[in-house]
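Heads up: the structure comes next, in C-alpha cells.
Residue numbers (our numbering): -8 to 116.
This is the structure:
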C-alpha cells in the first residue's frame, strides 16, 4: 500500500532531537496564513485535531526507546487540494514559523511534493 507522507533522513534527525527535548511530537499542515505552507511540529496532542483534519499517516523515525512514531495531520480543506500528491517532510536552514518546535534551531521544516502515480491514486482510494 502506498503512503501519502514520508520524511527525509535530515528531518528524521531533527525529529529525534526534538523528541529528546519535548517527548512525542506531531506535524500539522494547515491551509491558512502564518506559514500555512509549512508543516508545523508540536508536542503530540498540543495541537488539537478533530473532524476538520485528516490523518495523512504515521512516520516511523526509529532511533531508540525515547523516539515515538510521528503522526502527520492536514486540515480537511487543504487535503481537498493536496489529495493527489505524495508529501515528504524535509528540513532546510532558515527561520520558519514561530510556533513550530524547530524554530529556535535556525532551521525549518518544509513540504516537498510530487503527484501520485495513477497506480498509487487507485490504491489510496
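For every residue, glycine included, the Cβ atom is placed at its ideal position computed from N, Cα and C.
For residue i, the first and last residue of its enclosing alpha helix (DSSP H)
| i | result |
| --- | --- |
| residue 112 | 109 to 115 |
| residue 1 | 0 to 13 |
| residue 70 | 67 to 73 |
Helix, strand or coil at residue i according to DSSP, with G and I counted as helix
| i | result |
| --- | --- |
| residue 60 | coil |
| residue 84 | strand |
Span of the beta strand (DSSP E), counted from its first residue to its last, around residue i
| i | result |
| --- | --- |
| residue 100 | 98 to 106 |
| residue 33 | 31 to 34 |
Counterpart residues of residue i in DSSP-defined beta bridges
| i | result |
| --- | --- |
| residue 50 | 61 |
| residue -3 | 79 |
Cβ-based neighbour list, residue i, same chain, cut-off 8 angstroms, excluding 5 preceding and 5 following
| i | result |
| --- | --- |
| residue 102 | 20, 28, 29, 30, 78, 79, 80, 81 |
Contact set for residue i: own chain, Cβ-Cβ below 6 angstroms, skip 5 residues either direction
| i | result |
| --- | --- |
| residue 15 | 35, 59 |
| residue 1 | 82 |
| residue 107 | 75, 77 |
- Item | Touching by the beta-carbon criterion (3+ pairs, under 8 angstroms), the segment 86 to 98 and the segment 56 to 74 | no
- Query: Are there three or more Cβ pairs, one per stretch, closer than 8 angstroms when the segment 68 to 75 is compared with the segment -3 to 14?
  - Reply: Counting Cβ pairs under 8 angstroms, fewer than three are found: no touch.
- Query: Counting Cβ pairs, one atom from each stretch, are 3 or more of them under 8 angstroms apart for the segment 44 to 53 and the segment 93 to 100?
  - Reply: no
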